[in-house]
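To start, the structure itself, in structure tokens.
Number of protein chains: 8
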Amino acid sequence: MAEFTFDFGRRERIGLAEAVLCQGKTTAQISKALALARAQDVPLLLTRLSEEVFEALEPAERIEIDYDPLSRTGLFGRTEDPLANGTVAVVTGGTSDLAVAREAMRTLAFYGVGAREIADVGVAGLWRILQHEAELKACPVIIAVAGMEGALFSVIGGLVGGLVIAVPTSNGYGVTRNGETALSAALASCSPGLVAVNIDNGYGAACAALRVLHRIK
Amino acid sequence: MAEFTFDFGRRERIGLAEAVLCQGKTTAQISKALALARAQDVPLLLTRLSEEVFEALEPAERIEIDYDPLSRTGLFGRTEDPLANGTVAVVTGGTSDLAVAREAMRTLAFYGVGAREIADVGVAGLWRILQHEAELKACPVIIAVAGMEGALFSVIGGLVGGLVIAVPTSNGYGVTRNGETALSAALASCSPGLVAVNIDNGYGAACAALRVLHRIK
Amino acid sequence: MAEFTFDFGRRERIGLAEAVLCQGKTTAQISKALALARAQDVPLLLTRLSEEVFEALEPAERIEIDYDPLSRTGLFGRTEDPLANGTVAVVTGGTSDLAVAREAMRTLAFYGVGAREIADVGVAGLWRILQHEAELKACPVIIAVAGMEGALFSVIGGLVGGLVIAVPTSNGYGVTRNGETALSAALASCSPGLVAVNIDNGYGAACAALRVLHRIK
Amino acid sequence: MAEFTFDFGRRERIGLAEAVLCQGKTTAQISKALALARAQDVPLLLTRLSEEVFEALEPAERIEIDYDPLSRTGLFGRTEDPLANGTVAVVTGGTSDLAVAREAMRTLAFYGVGAREIADVGVAGLWRILQHEAELKACPVIIAVAGMEGALFSVIGGLVGGLVIAVPTSNGYGVTRNGETALSAALASCSPGLVAVNIDNGYGAACAALRVLHRIK
Amino acid sequence: MAEFTFDFGRRERIGLAEAVLCQGKTTAQISKALALARAQDVPLLLTRLSEEVFEALEPAERIEIDYDPLSRTGLFGRTEDPLANGTVAVVTGGTSDLAVAREAMRTLAFYGVGAREIADVGVAGLWRILQHEAELKACPVIIAVAGMEGALFSVIGGLVGGLVIAVPTSNGYGVTRNGETALSAALASCSPGLVAVNIDNGYGAACAALRVLHRIK
Amino acid sequence: MAEFTFDFGRRERIGLAEAVLCQGKTTAQISKALALARAQDVPLLLTRLSEEVFEALEPAERIEIDYDPLSRTGLFGRTEDPLANGTVAVVTGGTSDLAVAREAMRTLAFYGVGAREIADVGVAGLWRILQHEAELKACPVIIAVAGMEGALFSVIGGLVGGLVIAVPTSNGYGVTRNGETALSAALASCSPGLVAVNIDNGYGAACAALRVLHRIK
Amino acid sequence: MAEFTFDFGRRERIGLAEAVLCQGKTTAQISKALALARAQDVPLLLTRLSEEVFEALEPAERIEIDYDPLSRTGLFGRTEDPLANGTVAVVTGGTSDLAVAREAMRTLAFYGVGAREIADVGVAGLWRILQHEAELKACPVIIAVAGMEGALFSVIGGLVGGLVIAVPTSNGYGVTRNGETALSAALASCSPGLVAVNIDNGYGAACAALRVLHRIK
Amino acid sequence: MAEFTFDFGRRERIGLAEAVLCQGKTTAQISKALALARAQDVPLLLTRLSEEVFEALEPAERIEIDYDPLSRTGLFGRTEDPLANGTVAVVTGGTSDLAVAREAMRTLAFYGVGAREIADVGVAGLWRILQHEAELKACPVIIAVAGMEGALFSVIGGLVGGLVIAVPTSNGYGVTRNGETALSAALASCSPGLVAVNIDNGYGAACAALRVLHRIK
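Chains as they are written, first to last, in my numbering: chain A, 12 to 228; chain B, 12 to 228; chain C, 12 to 228; chain D, 12 to 228; chain E, 12 to 228; chain F, 12 to 228; chain G, 12 to 228; chain H, 12 to 228.
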């Protein structure tokens with residue numbers, strides 16, 4: 012019985028290629044996915060690929076993959092997207108949010124899109140985000156990554172006119188409730204026109220950014 | 012003591028004008044807001060303005076406002092946004108979702124942006140959304156409005172490449188939980204790059220669309 | 012059977028007098044409470060006293076009460092607290108938060124404490140709160156009142172050194188969840204040393220402020 | 012003191028034999044259950060039997076059991092149910108849902124019922140499920156297994172007339188909330204007549220299918 | 012702009028006709044739905060049609076509708092389904108559950124299916140359900156309707172071999188949480204093979220029963 | 012079709028007579044219940060009988076019922092239980108909790124059991140409950156009724172050796188969450204051996220007390 | 012700084028001795044507690060004492076303790092309570108509930124009270140509990156221990172007149188939500204006069220039983 | 012790319028120095044933070060620094076840090092705050108709450124503020140907290156640390172006039188819900204003017220205390 016029914020027409024259809032969420036899959040299943048991509052000669056993005064699982068792959072498989080442990084992403088080839096660099100800013104509230112931010116940046120990189128990282132600029136020290144105001148105003152898309160109370164989303168949304176995609180993270184403890192509080196804050200924001208993706212979903216934020224970038228160029 | 016500190020520079024700063032969420036405000040406060048806008052000669056968008064409250068305003072005030080009871084929106088003047096018509100599609104799962112969809116359309120209209128309405132195309136009869144596939148593929152931004160289980164969001168997200176903004180609605184009963192289920196479905200979607208706004212927030216979805224449209228023209 | 016066991020020694024014990032939460036009590040019970048206070052010749056603060064219930068009291072009772080419909084507070088006499096004026100700032104995110112803010116101010120007034128109101132300075136237009144920075148820095152206690160995503164709490168907490176008491180309000184819709192989101196945001200804040208009281212509890216915030224003011228004078 | 016009171020009359024009474032949910036039981040308790048079944052000479056279905064616990068059983072016990080690690084099921088004998096093969100379809104949204112789907116298939120197999128597996132046909136690529144439409148229409152019972160937002164349930168329910176039993180899975184992260192979102196989506200579906208079982212409960216879905224199949228043959 | 016996109020092919024496709032959930036729709040929209048059905052000469056089931064809204068329809072419209080206030084259902088014509096009577100039992104835990112039970116029975120009646128009502132047999136007096144044991148064993152489908160703790164579902168599921176469809180109701184107070192507790196109880200049942208539909212969803216339970224009955228006849 | 016299946020043997024079986032929860036029932040249904048009790052010549056306890064519904068009954072019916080509006084209870088006759096008076100204490104945290112406390116007292120009265128009411132002794136003024144310590148120590152059963160944070164339950168549980176039955180009430184606002192907080196506090200108490208009933212369930216607490224009193228006499 | 016302030020007067024005050032909840036305490040802290048009890052020559056009940064922590068104690072300490080790994084209880088001495096044996100029944104729905112049931116039995120044993128264990132009698136096979144009906148009717152107190160949907164509580168409550176103390180357990184998966192569903196079912200029960208304790212709190216149920224037994228003897 | 016944007020001006024701005032929440036950060040990131048502080052010659056407070064991570068630091072780094080494993084705090088230098096000792100009381104309900112209490116005390120110590128520890132005085136034995144009443148009345152700020160039902164907060168709030176900062180802890184099981192119940196109890200308290208911080212947030216409570224102490228001296 013076939014375990015995968017790959018959607019290799021997805022990129023042509025919606026501009027985004029197949030990707031494999033490795034969490035919840037066995038190493039054997041991931042190998043099978045790689046074999047299918049190799050056979051079709053298409054690039055494949057692997058997300059939530061833990062170091063343990065990556066190390067359990069065959070050496071020949073590991074060589075094919077551009078792996079980054081912090082973001083837990085593996086790039087099996089890359090797409091060749093004629094998009095300009097530097098138009099997306101990826102902003103984080105704290106250092107703990109970097110892993111999710113990097114998942115977004117690596118996904119953009121898989122499509123040949125560079126991004127600008129602005130790290131550790133949470134609102135407890137407001138001057139930190141304010142010193143990047145002009146830089147952010149120039150970007151059509153800003154991916155804002157924050158945990159805890161997610162106040163950063165509203166502050167950015169009130170400063171700039173580009174599309175602000177909020178990525179709540181599960182960082183924190185107690186009432187942060189694994190990212191639920193930051194997610195609700197993004198959705199309940201007093202700044203108009205903020206949008207949100209799932210908790211810790213750097214991959215999804217990058218895909219949303221690509222949906223916009225495909226129309227801008 | 013001043014009750015309002017209007018942010019009349021917002022439109023220049025981020026491209027979106029001040030708006031007044033009328034729910035939770037007294038009629039006197041809404042009158043005061045209108046007076047401030049009139050004095051500054053700036054347009055003002057009024058959202059969640061119920062018929063009861065609208066009727067309680069002075070006749071002279073009511074004449075100044077372009078009011079729509081289904082969407083509960085009032086337009087005090089309009090902005091003059093040089094944006095092209097017809098580029099946004101507003102899709103609803105069922106007839107009960109129209110009020111929220113119209114809030115989005117009226118907000119777009121406030122900025123001079125026309126939109127295409129595609130109504131009552133929930134996935135229980137899949138042919139309904141499929142017959143609009145080509146039309147949707149042509150739009151850079153699709154606002155999808157649905158309550159209940161929100162499966163429509165994922166189906167659209169898998170069909171087209173534009174930015175899909177999900178607006179969950181509070182329609183339904185029981186486990187729809189006033190829109191929480193549709194919201195979670197939008198955020199947990201298997202279709203890549205979907206984004207969501209708050210439950211029943213047609214206004215916010217339109218603002219997000221405008222953030223994108225401002226960069227496309 | 013006695014329906015009340017008043018704690019008239021409370022003010023001597025902890026510096027805060029008895030108060031009656033009128034919500035959930037019958038008009039007859041509120042009259043009985045007034046009679047007890049009158050008999051003991053002690054002042055009494057009535058909170059959540061709706062206009063309907065206030066109007067249902069006897070004319071002789073209404074005359075004794077200094078009533079404010081927005082904050083739904085009734086002052087039956089006042090305490091004579093030798094506290095200085097002007098040391099507490101009460102800041103609101105939006106106009107809809109004024110009712111709760113005024114409950115705090117009226118409670119302070121019951122104890123002879125004046126307060127400074129700074130209204131409608133939510134973070135969507137950041138310049139609004141920033142223009143009050145110096146004024147806020149001078150206050151030992153700031154009561155911050157906000158609904159929706161409650162980002163205002165974190166921004167104030169990062170700007171000033173006084174005690175910031177967050178009062179989340181139930182304003183908003185959808186994922187604001189009647190104030191739960193703003194409450195969680197206050198508690199999960201990245202700004203150090205913020206404290207919170209119950210949703211819509213302007214009375215409680217004022218009492219907390221008084222606990223501090225009693226030690227400062 | 013007896014730790015088990017087996018309900019060996021259950022199969023005669025309702026057509027479904029005793030089964031042991033191994034999660035939460037000690038190895039000694041599972042051995043005791045096997046001994047009771049052996050003594051009565053009745054077949055026994057073991058669910059949620061992890062590899063660790065299976066390996067901890069005595070070799071003699073392991074030989075008696077037909078064990079499958081992916082579905083974590085152990086078949087101690089089989090019932091002899093005169094039901095036709097191939098009438099149930101088991102459909103999965105993604106490869107991560109296979110473990111739960113296999114629990115359903117193994118339970119059906121315990122009763123001599125074969126099933127048709129249709130894997131990895133989530134709605135992000137709608138053509139995948141549509142290419143099985145005719146096959147699904149022929150089945151009186153469809154077991155649909157999906158995590159994330161569970162949109163697959165509604166799409167199948169709108170396509171075919173058989174009984175669609177939704178099995179939400181705990182796959183995903185963030186707002187999937189360990190399967191709660193997919194469960195709510197199944198129950199709030201706009202497709203009429205969908206039914207649901209507990210999260211990850213492939214066993215229960217198979218039992219429900221058997222309740223129907225017993226009446227069809 | 013069209014407000015409805017009726018799925019009139021649904022009955023041929025899946026055996027279940029279009030139905031209109033009236034809650035959340037205006038009277039004008041319901042009239043429009045009736046006009047569409049009249050024009051196509053197809054029967055239409057109206058659910059959650061309150062007495063107020065029914066009375067607000069035109070007299071000519073009311074005459075066309077077979078209306079029942081307890082179940083809030085309106086039958087505009089009937090389908091002609093060649094299904095035998097008496098094969099479905101509809102069981103309620105208490106008298107307050109009757110409205111939901113009747114919604115199920117009226118939906119079955121719309122398809123020409125009679126059902127057997129067994130009322131007020133909650134488990135606090137166990138003899139009540141036990142005296143119907145034989146009658147229930149004869150039915151291929153049992154619709155069990157209960158609020159509060161929903162223990163009735165498990166008791167029936169352990170007694171009989173037919174498909175038991177649990178309909179949790181929102182009756183009760185406190186921790187019944189508007190039916191959430193009864194719903195969870197149905198899904199977490201120790202009786203194997205129970206299935207559930209949404210809270211108060213008598214209509215959905217009947218549709219599920221019809222999906223089974225269509226295969227049995 | 013019969014709407015009631017009364018369990019008139021309940022009192023002989025478990026010592027507690029049939030009772031009718033009037034909330035969620037029509038006036039016609041309540042009349043039918045009274046007729047059944049009249050015909051059988053058995054007493055009947057009516058709970059959650061609002062004044063509106065009571066007034067809607069026939070005058071002849073109202074005369075038969077001993078009605079109390081605060082507790083919303085109606086006594087149709089009384090049982091004759093040979094239990095001693097004064098052995099149960101019913102304690103309330105605040106005046107708003109009296110309605111629930113009285114439901115418990117009226118239920119006890121229906122069985123001929125008197126109770127001692129100790130009102131408005133919340134822990135904010137600890138001396139209030141402490142002055143009743145000896146009185147409470149003498150009671151085998153204490154029914155403690157409190158809303159808000161429910162601290163009263165733990166304090167009583169640590170002072171006395173009788174069975175303490177906590178009845179959380181829905182009084183309060185914000186995070187009291189309609190009694191959920193007080194309920195959780197009762198169940199999570201650091202005082203050993205506290206038990207709880209549903210929110211606002213004065214009736215249930217009295218029934219539990221009767222289960223104990225039946226064994227003590 | 013003293014880490015413990017033991018309440019050694021508790022037994023005289025309320026009839027229940029000090030106990031130590033070992034979960035969340037370090038081995039050093041548990042040793043200190045034992046030393047304090049040894050010095051005062053009082054018995055001490057240790058709950059939630061895992062095997063790992065027990066093994067980490069000094070051999071001399073382990074010898075003093077009567078330890079049972081299934082219930083994770085340690086008895087350091089026993090009280091001498093002049094209570095009769097055999098009056099409490101401890102009933103479990105399934106074998107997985109035994110650990111919690113045994114915590115209750117061991118707590119009773121600490122006070123010299125024997126209990127009757129009735130195991131694995133869940134309602135899926137109703138004959139199992141019914142065969143113990145007479146035995147249960149004889150007990151003034153029944154401790155009912157069940158996970159999943161907790162239907163057992165209501166069935167027992169409707170059969171017998173003694174006090175039924177429900178102990179929900181965290182056994183199960185998915186919507187059992189670690190015992191929350193069984194807890195809500197106990198509190199929302201249609202059987203009158205059921206009481207509940209915290210999830211998995213066998214200790215608390217036994218303490219409640221003792222509060223009753225102290226008054227019966 | 013810089014991973015940290017330290018806010019070294021924070022202490023001058025609001026009186027509280029930068030701190031690093033180590034949970035969720037890699038050892039390399041913590042080392043980088045230490046290097047930045049060393050380079051700037053500023054003290055740094057490390058919270059939630061587990062023993063494993065502390066041991067993974069370089070020996071040279073460990074020597075610089077005053078580490079306490081119970082509170083998981085590391086002090087890299089100290090500030091020199093001219094605040095008087097002994098003015099803050101830190102009270103715990105049980106021994107399991109000590110770790111959180113010590114985090115508060117260590118944070119105060121980082122600023123040169125001593126505090127008074129009053130341990131294990133939960134309300135199950137009310138005499139324990141009452142014997143410290145006079146001592147507590149003398150403190151302008153009391154940090155109350157409690158898990159389970161958090162009744163201690165209300166009792167202290169009703170006894171003394173200083174600012175009571177409630178720190179709910181995640182100790183307990185079942186309905187304690189990892190501290191959510193204690194948190195809600197603090198916020199819903201009947202004692203006026205209580206304030207709360209996040210669950211287990213001893214650090215935040217100390218920062219709030221410092222905000223007050225800075226104004227008192």
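Glycine included, each C-beta is placed from N, C-alpha and C at the ideal position.
Is DSSP giving residue i helix, strand or coil here?
i, result
"glycine 85/A", "strand"
"valine 178/C", "strand"
"alanine 13/F", "coil"
"valine 208/B", "coil"
"alanine 197/G", "helix"
"threonine 98/D", "coil"
Please look up how many angstroms separate the CB atoms of residue i and residue j, rounded, as I've assumed it's under 8 Å.
i, j, result
"threonine 180/B", "phenylalanine 15/E", "The Cβ separation is near 17 Å, so there is no contact."
"alanine 219/F", "isoleucine 176/F", "5 Å"
Have a look at the options and flag the residue whose alpha-carbon is nearest the alpha-carbon of residue i.
i, options, result
"valine 208/D", "Thr103/G, Thr187/G and Gly123/G", "Thr187/G"
"histidine 143/F", "Cys33/F, Gly133/F, Pro151/F and Ile129/F", "Ile129/F"
"alanine 13/F", "Gly20/F, Lys43/F and Asp108/F", "Lys43/F"
"serine 82/H", "Gly88/H, Thr118/H and Arg89/H", "Thr118/H"
"glutamate 62/E", "Leu94/E, Ala50/E, Val53/E and Asp77/E", "Asp77/E"
"glycine 104/C", "Asp18/C, His225/C, Ile227/C and Leu141/C", "Leu141/C"
Give me the subset of the stretch 138-163 of chain E whose CB atoms are less than 9 Å from a CB atom of chain G, sorted by chain position. Leu141, Ala157, Gly158, Met159, Glu160, Gly161, Ala162 and Leu163
Selection of the stretch 14-31 of chain G by Cβ proximity to chain H, strictly under 7 Å: Glu14, Phe15, Thr16, Asp18 and Arg21
In chain order, what are the residue ranges of uninterrupted alpha helix (DSSP H) at least 4 long that sit wholly in the stretch 20-91 of chain G? 21-25, 38-51, 62-67 and 70-75
Go through the stretch 116-179 of chain H residue by residue and report every complete run of the alpha helix (DSSP H) that reaches 4 residues or more, in order. 138-141, 144-148 and 162-170
Under 8 Å (Cβ pairs) to chain E, residues found in the stretch 196-209 of chain G: Ala196, Ala197, Leu198, Ala199, Ser200, Cys201, Ser202 and Pro203
Looking at chain H, which residues of the stretch 112-138 of chain F have a Cβ within less than 7 Å of any of its Cβ atoms? Gly133, Val134, Ala135, Gly136 and Leu137
Taking any Cβ of chain F, which residues in the stretch 217-228 of chain G have a Cβ under 9 Å from it, in chain order? Ala217, Cys218, Ala219, Ala220, Leu221, Arg222, Val223, His225, Arg226 and Ile227
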